[in-house]
Structure formats: C-alpha cells, structure tokens
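Residue numbers (our numbering): 21 to 93.
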Amino acid sequence: MNGPTSVGQELLAAVEAANGEDVILPWERFYTVIGLDQGYVTPEFMDKVNTVLKPKGFYSVKNNKGVLIRHLH
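What follows is the structure, given as structure tokens:
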C-alpha cells in the first residue's frame, strides 16, 4: 500500500497535468494509485493526502464517482 504522501504527489501530478482544472480520479484508478484492489479510505488518510495538495493550492474530496481534486478558492 502506498502512503498518503505518495498518493498526494500522484494526485498533484494529475491536477497539474490538467493545467489546474478540477480533476476526478475514478475509484478504480485511485485504488491503483494506493496499491489496493478496494477498501475504505479513512478521513485521516485523505487529510494526510491534502497536506501535500494544499501548499500547492489544491485539495481533494471523496465523492460517489471517485476522488475530486479541486483548486482552493
């Protein structure tokens, strides 16, 4: 399993590749990034992921389609 820092870096790369536009990473892809087939992603894990994203001006939230990476407003 990949830790929240490496997952955060992967999400940051995805949003930067989209020129800062909002990105939704489908659950299947998100679990691939984490290194799991499936499972529950805890709020604490997502908080740690966001410690990588927030200094760069982004944050992530879970929704029914996957993980949404958005620009801080």
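In this text, a Cβ means the ideal position worked out from N, Cα and C, and glycines have one as well.
{"Query": "C-beta atoms of Leu73 and Gly40 nearer than 8 Å", "Result": "no"}
{"Query": "Exposure label - Leu92; buried when at least 16 CB within 10 Å", "Result": "exposed"}
{"Query": "Spatially closest choice to Thr7 from Lys82, Ser80 and Asn70, by CA coordinates", "Result": "The displayed coordinates of the chain run from 21 to 93. Any statement about residue 7 would go beyond what the structure contains."}
{"Query": "Rounded distance between the beta-carbons of Lys82 and Val61, thought under 8 Å", "Result": "6 Å"}
{"Query": "CB contact flag (Leu45, Leu31, <8 Å)", "Result": "yes"}
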